[in-house]
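These protein sequences, in sequence, are chains A and B. Residue 255 is where the first sequence starts when you use the working numbering, and the numbers rise one by one after that. Residue 16 is where the second sequence starts when you use the working numbering, and the numbers rise one by one after that. In this text, a Cβ means the ideal position worked out from N, Cα and C, and glycines have one as well. Just so we're clear, the structure is a prediction, and the values are computed from it rather than from any experiment.
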Amino acid sequence: MCFLGFGSYFCYDNPAALQTQVIQDMRLTTSKFMQLYAWYSWPNVVLCFLGGFLIDRVFGIRLGTIIFSLFVCGGQVIFAAGALVNHFWLMELGRFVFGIGGESLAVAQNTYAVNWFKGKELNLVFGLQLSMARLGSTVNMNVMSHVYSRIKDLIGSTGPSTLGVSLMIAASTCVFSLICALVLGYLDRRAERILNKEQGKTGEVIKLTDVKDFPLQLWLIFIICVGYYVAIFPFIGLGQVFFIEKFDFSPAQASAVNSIVYIISAPASPLFGLMVDKTGKNIMWVLCAVVTTLISHMMLAFTFWNPWIAMSLMGLSYSLLACALWPMVAFVVPEHQLGTAYGFMQSIQNLGLALIAMAAGAILDNKGYLFLEVFFCACICLALLAVILLYLVDYFRGGELNLSASVRARLLKSSSSDSE
Amino acid sequence: MCYGDHYRRQLSMELNPGLNGSLTPPPGVGIVHVRALGQNDTLHFLLCSHGAPALLLVHTNSTSSSLQINWNEFLNRSTAGSVRVAPQDSVQYSRALVLTRLWEYDDVNDTADPNKTDPSSFFPPYELASFTWDDLNKTVNLTDHTVRLCGKDSAETFNSNSSFCLLFSAYEGVGREEAWPALLHNANSSQLRLWLDRVTPRSNASRFLFELQSVGSPRHESRVDVLKSIDDEYTPSIFQVSQWVFSPPNANTVMGYTQWKPVAYRKAAPLTEDATPCKHSPPVAVDQASPSGLVLAYFGKESRTFGLNMTFGIKDAPYYNATYFLSWTVLVGMGSPPVEFFSPLVMAIMAIGLGAPLAFILFGGIYVCVRKRRAEPSGYEPIN
């Protein structure tokens, strides 16, 4: 089951791993290159709401998983074919189709996990899945350029066809994921027959009318989420060439340092998750994460210090933020609105990613890396401002976002004794 | 003497100064003179197409120094001293940058490194001294203080559309050109942009290199400093600046410089991906007589010449025949080279970005403290 997401995560960052090659072979500007990421994000602006609904009501988990895997697979194949025949619009279409499958597949994967492991090792399974996803990204970053140079040696020259073949090979990981989806579907059906249990449901109910009831705190959390993630993912998408040009890294070294964020987050996420669970004080942890990321971006922008330092810091803070930020949503909205809140959060995150990916490419083409880094710093500063506001709003409204775990437990106990 | 950011000079530009009607120079031969008058000094820039193209910079500590050319002797290349700046004792510094040759080599192994290329892969160089240059009269712009000098070789690889050109610009004060690399210039500098357009390469894997010479006082030493810069706002993705500086022996003062960013462009209106890196060879002493008529006329034998090659491209970068265009820009000036600094926009963004959250922390913190303080006196807990 863990391998289900491997293919889509492997292929998501294919462009980043082959940035120089893609730009050279397809004769692109950086802003056009970043459109590959934007096209992935566009369908997800809508699908974050629909994914759960489609799985629950239309396809069912088994068929849904297989369909989404097919989308991922087909998208990657179209993407590679676009490179083969040297049509950039076909590559964009490929990324779009790939995007339709990608995020929804993650929802399906989580549903399977909940369905099979509820009440057992659910946290461990989630942790493993996340690690697997990060592993996919990391392997991609470090392997794709080798694959490309092998193909180059085989064909004897660089060009769109070299790129196309490399991407086709990457597509095999998607086929692998598709096979996993089929096997999972089979196992799940057998389990259903033998154990006589129901097909899994995401349990997400999305009501768009809930949006108007969202408290101010939730909107601030959205701003943090968008401001923070747009300074991470588009940056990683553009990272390889940055490390080559500014720090004189070899392409392999540059890919390695670019993937350190994912490598660190694989083991760090469960640890930080435990830490935040034990201590509470979510806002403080989010503040920590945002400030650390700001520092690491400023290090990359204004110094020639070894980027391993900055990128490792970013990896740590990225994991910390994920652990501290997402659970906060549950504190500020009632449970029946949770699905809508999370769907909305992912949706505007994708919207932000799509827009900023395009903006980042354009900035880089015209103003260079320093300005791009300053732009990312500005995004993080916006997130920082939102964190501070969130703290103040929470403080004055007597919220429980920044309570320590022990106080939270006491509150929980007293409220449950009240209701008795 | 101090030249701050606001230091400005009064420029006046003249074509073939002192040439009277009785004498007509051969076609394509001419001198453009820019006189840059400061508060208590004068700079003279001379761009000359007599022989190999050369840019001469003379710094005088007088506001009334003038250029004197004996045209008869200058055109005959007979004597040193036919071009001079008077009074002679006001001259503080003089140096010329000469473009001598264009080399072309067949980079079959795609190394982009002439040192690793077999000498047999080199084609005979184009001697810029034997180029036919266009009339300066048509391209000189006396209000913008620019002049374009284009020429071609007699070989058939130069067809009617091909050219090797120099665009010279002199400046009144601090600023930068819009076109990349958008080097920062000041009142003490001038800029040369060189480009090689639509020349038929002599192989499918041709790369070019420019051979440059710097001629100046025999006492001056030269070295090339490569400085790292975090600021690539004006030249995207270039984090270095190279400067070939000239200084008196055993002294730290820099008398003059030739500054460039290690980047060339493969299109006339380039995008980021049209940039290609360039590399310089270490400067070496050169003994031959200069191919420039101006250098012979001004310096004579009282000079010392350094040579340096500029190579373009790296491994895997497209060859010349991908775009049939190559341009490179260099700043020539006296004193210390200009130093880049963050643009006001970058500083403003960082100031607001960091300032706004800090302000909120501060005021929010004070407000929270005050509220807590106020709540304290009555805030004892009733004992149940």
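Which residue marks the beginning of the alpha helix (DSSP H) containing residue i, and which one marks its end?
i                : result
Asn324 (chain B) : Here Asn324 (chain B) belongs to no alpha helix (DSSP H); instead the beta strand (DSSP E) covers Arg319 to Phe327.
Gly314 (chain A) : Premise fails: Gly314 (chain A) is in no alpha helix (DSSP H) and is neither H nor E.
Tyr382 (chain B) : Pro359 to Ala390
Ile253 (chain B) : Run containing Ile253 (chain B): none; DSSP gives neither H nor E here.
Trp86 (chain B)  : Trp86 to Asn91
Trp370 (chain A) : Phe342 to Phe371
Glu226 (chain B) : No alpha helix (DSSP H) contains Glu226 (chain B), which is instead part of the beta strand (DSSP E) from Ser221 to Gly231.
Met270 (chain B) : Element bounds for Met270 (chain B): n/a, residue is neither H nor E.
Gly161 (chain B) : In the sequence under discussion, the amino acid at residue 161 (chain B) is Thr, which differs from the Gly named in the question. No alpha helix (DSSP H) holds Thr161 (chain B); the beta strand (DSSP E) holding it covers Thr161 to Lys167.
I'd like to know whether the C-beta of residue i is nearer than 8 Å to at least one C-beta of chain A.
i                : result
Ile381 (chain B) : no
Gly240 (chain B) : According to the sequence as given, residue 240 (chain B) is Asp; it is not Gly. No, no contact with chain A.
Ile376 (chain B) : yes
Ser27 (chain B)  : no
Asp159 (chain B) : no
Pro298 (chain B) : no
Ser252 (chain B) : yes
Met365 (chain B) : yes
Gly394 (chain B) : At Gly394 (chain B) the pLDDT is 47, less than 50, meaning the model places this residue with poor confidence and gives no usable figure here.
Asp149 (chain B) : no
Leu198 (chain B) : no
Gly328 (chain B) : no
Does residue i come within less than 8 Å of chain B when only Cβ atoms are used?
i                : result
Cys479 (chain A) : no
Ile610 (chain A) : no
Ile563 (chain A) : no
Leu624 (chain A) : yes
Glu674 (chain A) : Residue confidence is low: Glu674 (chain A) scores 42 on pLDDT, short of 50, so the model does not pin down where it sits. Its coordinate-derived value is still stated next. With 8 Å as the cut-off, Glu674 (chain A) does not count as an interface residue toward chain B.
Tyr291 (chain A) : no
Met656 (chain A) : Reading the sequence as shown, one finds Asn at residue 656 (chain A) and not Met. Closer than 8 Å: no.
Phe556 (chain A) : yes
Asp648 (chain A) : no
Asp407 (chain A) : no
Thr546 (chain A) : no
Asp467 (chain A) : no
Tyr516 (chain A) : no
Asp619 (chain A) : yes
Can you find the residues in the same chain that come closer than 6 Å, C-beta to C-beta, to residue i, ignoring five residues on each side of it along the sequence?
i                : result
His48 (chain B)  : Glu29, Pro32, Leu61 and Leu82
Asp619 (chain A) : Thr283, Thr284 and Ser285
Leu638 (chain A) : Val544
Leu657 (chain A) : Gly534
Pro469 (chain A) : Val586
Pro216 (chain B) : Tyr335 and Asn336
Ile517 (chain A) : Thr392
Gly394 (chain B) : Here the model assigns Gly394 (chain B) a pLDDT of 47, short of 50, so the residue's position is not dependable, and the following value carries that caveat. So the list is empty, once near-sequence residues are dropped.
Tell me which residue opens and which closes the beta strand (DSSP E) that residue i is part of.
i                : result
Val301 (chain B) : Val299 to Val301
Ala111 (chain B) : Val106 to Asp121
His295 (chain B) : Ala290 to His295
Leu72 (chain B)  : Ala69 to Thr75
Glu29 (chain B)  : Gln25 to Leu30
Glu192 (chain B) : Unbroken run through Glu192 (chain B): none, as it is neither H nor E.
Glu499 (chain A) : Per DSSP, Glu499 (chain A) belongs to no beta strand (DSSP E); it is in the alpha helix (DSSP H), Phe487 to Phe501.
Asp279 (chain A) : It is not in any beta strand (DSSP E) - Asp279 (chain A) instead sits in the alpha helix (DSSP H) that spans Gln273 to Met280.
Glu446 (chain A) : Note, Glu446 (chain A): premise wrong, no beta strand (DSSP E); alpha helix (DSSP H) at Pro414 to Leu449.
Rounded to the nearest angstrom, how far is the Cβ of residue i from that of residue j, given a contact under 8 Å?
i                : j                : result
Ala334 (chain A) : Leu421 (chain A) : 3 Å
Ala337 (chain A) : Leu492 (chain A) : Incorrect: roughly 19 Å between the Cβ atoms, too far for contact.
Ser295 (chain A) : Leu607 (chain A) : 4 Å
Thr319 (chain A) : Ala435 (chain A) : 5 Å
If I measure Cβ to Cβ from residue i and keep anything under 7 Å in the same chain, skipping five residues before and after, which residues do I get?
i               : result
Thr57 (chain B) : Arg50, Ala51, Thr75, Ser77, Thr78 and Ser80
Within the same chain, show all residues whose beta-carbon is closer than 8 Å to that of residue i, passing over the 5 residues directly before and after it, in chain order.
i                : result
Arg662 (chain A) : Gly534 and Glu654
Val326 (chain A) : Gly261, Ser262, Cys265, Phe352, Gly355, Gly356, Leu359, Cys428, Ser431 and Leu432
(request) Check whether the stretch 273–291 of chain B touches the stretch 335–348 of chain B, counting contact only when three or more Cβ pairs, one atom from each stretch, lie closer than 8 Å. (result) Result yes; three or more Cβ-Cβ pairs closer than 8 Å.
(message) Is it the case that the stretch 517–532 of chain A contacts the stretch 582–597 of chain A, given that we only count it when at least three CB pairs across the two stretches are under 8 Å?
(response) The stretch 582–597 of chain A vs the stretch 517–532 of chain A: no contact.
(request) Indicate whether the contact test is met: 3 or more Cβ pairs, each with one atom in the stretch 329–349 of chain A and one in the stretch 441–450 of chain A, closer than 8 Å. (result) Result no; under three Cβ-Cβ pairs closer than 8 Å.
(message) Across the stretch 570–581 of chain A and the stretch 522–536 of chain A, are there enough close Cβ pairs to call them in contact, namely three or more that are closer than 8 Å?
(response) Output reads yes: the stretch 522–536 of chain A touches the stretch 570–581 of chain A.
(request) Would you be able to state if there are at least three C-beta pairs under 8 Å between the stretch 244–261 of chain B and the stretch 120–139 of chain B? (result) Taking 8 Å as the limit for Cβ pairs, the verdict is that the stretch 244–261 of chain B does not touch the stretch 120–139 of chain B.
(message) Using 8 Å as the cut-off, can you tell me whether the stretch 263–272 of chain A makes contact with the stretch 568–576 of chain A, which would need three or more C-beta pairs spanning the two stretches below that distance?
(response) With a cut-off of 8 Å, the stretch 568–576 of chain A and the stretch 263–272 of chain A do not count as touching, because too few Cβ pairs lie within range.
(message) Using 8 Å as the cut-off, can you tell me whether the stretch 500–513 of chain A makes contact with the stretch 636–655 of chain A, which would need three or more C-beta pairs spanning the two stretches below that distance?
(response) Segments in contact, no.
(message) Closer than 8 Å is the cut-off here; do at least three beta carbon pairs connect the stretch 621–629 of chain A with the stretch 552–560 of chain A?
(response) Yes, the stretch 621–629 of chain A is in contact with the stretch 552–560 of chain A.
(request) Would you be able to state if there are at least three C-beta pairs under 8 Å between the stretch 293–300 of chain B and the stretch 317–327 of chain B? (result) Touching, yes.
(request) Decide if the stretch 352–367 of chain A is in contact with the stretch 303–313 of chain A; the criterion is three or more beta carbon pairs, one per stretch, under 8 Å apart. (result) Judged by Cβ distances under 8 Å, the stretch 352–367 of chain A makes contact with the stretch 303–313 of chain A, as three or more pairs qualify.
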